[in-house]
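**Q**
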Amino acid sequence: MTTTVDTPPRTASAPRISLGLLATLALLSAVAPFTTDLYLPGFPQMVTDLHTSPTAVQLTLTACLLGLAVGQLVFGPLSDRIGRVRPLIAGSAICVLASLAAVLAPTVEVLVAARFLQGLTGAAGMVIGRAIISDLATGRAAARAFSLMMLVGGLAPIVAPLAGGFIVGPLGWRGALAVILVLSVAMFGAVLAVIRETHTAQRRATLRDERVAAGSPLRDLTRREFVGHLVAFGFSFAMMMAYISASPFVYQTMMGLTSAEYGAMFGTNALGLLLMSALSARLTTRFEPRSIAGVGLTVILASSVAALTLASAPAGAGWLAVPLFTGVAGMGLIYGNTTALALAAVPRAAGTASAVLGAAQFLLAALVSPLVGLGGEHTAVPLGVVMVASAVVACTGFTLARHR
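Below is the structure:
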């Protein structure tokens, strides 16, 4: 018997969210972390092999991240206009070709271009995957689906850096990029085999009729419910990215941990995030998504204040491990629920709204990452300040998003 997530009857023929579909959508969301993280241990070798500079090699990562942000803004609105499946198939197919070009790139310039195209087209799976869930579910069912997708897809940021270290050694950086190629092929195959149209021509026609009566669906993106939950989603993620960016210096330089011990601490915090994501999925059967997200935001705000207090006090740096763990774990209660709440506020433009969520996620991450290092590598005060500021803005947006 197939296990499914209960969904409202969006259309008479709309499919339900089976575990197979959910696993496929999780794979689509996991390709991006593997694309950005898997080959990082090969950077020194790339400088030598491509006869280039470290700065030029770093551009291969920057180009991919930029492509991921831009691609969501391209494929999200496009999927609202012509349906989910065709843009997803096109993006996945081009991503395979871009991944092949990256593996075979003879120069760093070609690699930068291939990586940008890889991010641009790989973003289709992330943004359209969220829109598909929004097509099929609302409320608690959507929040549970997003939390489960994060639980599966959330393994990627943990596995990718660790796997990259093992792959680059024997296979080199081209071997790591070849693994990304294989994942892209798997993504393309899964799209063809599993994904069916959820934003049908009939549904698009109905929404067009509503557009005539109620105006452009893009106006919905200015609704307080959407903007507030967007702010809560984006800035809570910015808080976590601040931690990720500063974590090597906090754990290794300040706490004196070895690289292996740092990996263990990083993995422990990531495990906390995954466990809370699983708990969030279970809680949605009994509690409203907004209540669960509110608890998560309270946790990250308290954790951020504690981190800043400890960073400013003469206490040992080791105590920082506690609020960093609770802050990261608290994200498991926020991510899926705020995503569901934001998309539920704009059902007429789910693809575009999903694109805005994704683009905000990457742009805010890029903004806060350099800020945590302003005070040097021997203080965590900038990290604490960024965490508190991000958590305060996230909580403020969440409060303002309350439906009247």
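In this text, residue positions in the sequence shown follow our numbering: the first is 10, and each later residue adds one.
Ideal Cβ placement from N, Cα and C applies to all residues, glycine included.
All values derive from a computational prediction rather than experimental measurement.
Helix, strand or coil, according to DSSP, for R19 in the structure here?
**A** Along the sequence shown, read from residue 1 onward, the residue named residue 19 stands at position 10. Low local confidence applies: a pLDDT of 45 at R19 is under 50, so the model's placement there is unreliable, and no value is given.
**Q** Tell me whether M396 is buried or exposed, calling it buried when 16 or more other Cβ atoms sit within 10 Å of its Cβ.
**A** Counting from one through the sequence shown, the residue named residue 396 turns up at place 387. Classification of M396: buried, given that the 10 Å Cβ count is 16 or more.
**Q** Residues in its own chain within less than 8 Å of V390 by CB, not counting five upstream and five downstream?
**A** As a position in the sequence shown, residue 390 is number 381, starting the count at 1. Cβ within range, chain order: L317, A320, S321 and G384.
**Q** Starting from the C-beta of G406, find all residues in its chain whose C-beta is less than 6 Å away, skip the five residues before and the five after it, and write them out in chain order.
**A** Position 397 of the sequence shown, counted from the first residue, corresponds to residue 406. Hits under 6 Å: G237, V240 and A241.
**Q** Where does S27 fall in DSSP's three states?
**A** Residue numbering aside, residue 27 sits at position 18 when the sequence shown is read from its first letter. In the structure shown, S27 sits in a strand (DSSP, three-state: E or B).
**Q** Can you say whether T16 is buried or exposed, counting buried as having 16 or more other CB atoms within 10 angstroms of its CB?
**A** As a working note, residue 16 is residue 7 in the sequence shown. Low local confidence applies: a pLDDT of 40 at T16 is under 50, so the model's placement there is unreliable, with the coordinate-based value given in what follows. Under this definition T16 is a buried residue.
**Q** What does a CB cutoff of less than 7 Å around F275 pick up in its chain, not counting 5 residues either side in sequence?
**A** Within the sequence shown, the letter at position 266 stands for residue 275. Closer than 7 Å at the Cβ level, and outside the excluded window around F275, lie S256.
**Q** Tell me whether I204 sits in a helix, a strand or coil according to DSSP, three-state version.
**A** In the sequence shown, counting from the first residue as 1, residue 204 sits at position 195. In the structure shown, I204 sits in coil (DSSP, three-state: anything other than H, G, I, E or B).
**Q** Can the beta-carbon of P86 be found closer than 8 Å to that of T361?
**A** Your numbering for residue 86 matches position 77 in the sequence shown. Your numbering for residue 361 matches position 352 in the sequence shown. It is a contact, given that the beta carbons lie within the stated cut-off.
**Q** At which residues does the alpha helix (DSSP H) containing Q127 begin and terminate?
**A** Here residue 127 refers to the residue found at position 118 of the sequence shown. Looking at the DSSP string, the run of the alpha helix (DSSP H) that includes Q127 is V117 to L145.
**Q** Please state the DSSP three-state secondary structure of E297.
**A** Here residue 297 corresponds to residue number 288 of the sequence shown, with the count starting at 1. It is coil, neither helix nor strand.
**Q** Nearest-angstrom Cα distance between R149 and E206?
**A** Residue numbering aside, residue 149 sits at position 140 when the sequence shown is read from its first letter. Residue numbering aside, residue 206 sits at position 197 when the sequence shown is read from its first letter. Looking at the two C-alpha atoms, the distance is approximately 22 Å.
**Q** Using the C-alpha atoms, what's the distance from A315 back to P323?
**A** Taking the first residue of the sequence shown as 1, we reach residue 323 at position 314. Taking the first residue of the sequence shown as 1, we reach residue 315 at position 306. C-alpha separation (whole angstroms): 13 Å.
**Q** With a 10 Å radius around its C-beta and 16 neighbouring C-beta atoms as the bar for buried, classify P53 as buried or exposed.
**A** For the purposes of this step, residue 53 is taken as residue 44 along the sequence shown, with counting starting at 1. That one is exposed.
**Q** Under 8 Å, with one C-beta from each stretch per pair, do the segment 101-109 and the segment 46-65 reach the 3-pair mark?
**A** No, they do not touch.
**Q** Run through DSSP, which three-state label would A358 get?
**A** Residue mapping note: residue 358 aligns to position 349 of the sequence shown, counting from 1. Helix, per DSSP.
**Q** Using the Cα positions of A403 and S245, report the straight-line distance between them to the nearest angstrom.
**A** One-based indexing of the sequence shown puts residue 403 at position 394. One-based indexing of the sequence shown puts residue 245 at position 236. Near 6 Å, if we compare the C-alpha coordinates of S245 and A403.
**Q** Are the Cβ atoms of A123 and A133 separated by less than 8 Å?
**A** Counting from 1 along the sequence shown, the entry for residue 123 is found at position 114. Counting from 1 along the sequence shown, the entry for residue 133 is found at position 124. Taking 8 Å as the Cβ cut-off, A123 and A133 do not qualify as a contacting pair.
**Q** Please state whether the Cβ-Cβ distance between V79 and L129 is less than 8 Å.
**A** Along the sequence shown, one-based indexing puts residue 79 at 70. Along the sequence shown, one-based indexing puts residue 129 at 120. Against a cut-off of 8 Å, the Cβ pair of L129 and V79 comes out as a contact.
**Q** Determine the burial state of F415: buried for a count of at least 16 other Cβ atoms within 10 Å of its Cβ, exposed for fewer.
**A** For the chain, the structure presents residues 10 to 413; residue 415 sits outside this window and is missing.
**Q** How long is the line joining the alpha carbons of F197 and T209, rounded to whole angstroms?
**A** Within the sequence shown, residue 197 is the residue found at index 188, counting from 1. Within the sequence shown, residue 209 is the residue found at index 200, counting from 1. Spanning the two alpha carbons is a distance of roughly 21 Å.
**Q** With burial defined as no fewer than 16 other Cβ atoms inside 10 Å of the residue's Cβ, what is the status of A21: buried or exposed?
**A** If you number the sequence shown from 1, residue 21 lands on position 12. For A21, the predicted model reports a pLDDT of 39, less than 50, meaning its position is unreliable and no value from the coordinates is stated.
**Q** Please check if any C-beta of chain B sits within less than 8 Å of the C-beta of V402.
**A** The chain labelled as chain B is not found in the depicted structure, where only one protein chain is given.
**Q** Could you give the C-beta distance for A41 and G131, rounded to a whole number, given that I count them as a contact under 8 Å?
**A** Walking along the sequence shown from the start, residue 41 turns up at place 32. Walking along the sequence shown from the start, residue 131 turns up at place 122. About 6 Å; that satisfies the 8 Å criterion.
**Q** Find the nearest neighbour of V308 within the set M248, V381, H387 and T64, judged by alpha-carbon distance.
**A** Working through the sequence shown from its first residue, we reach residue 308 at position 299. That would be M248, whose Cα lies nearest to the Cα of V308.
**Q** Nearest to V203 by CA position, among A358, L82, T33 and A410, is which residue?
**A** By one-based count along the sequence shown, residue 203 stands at place 194. Answer by Cα proximity: T33.
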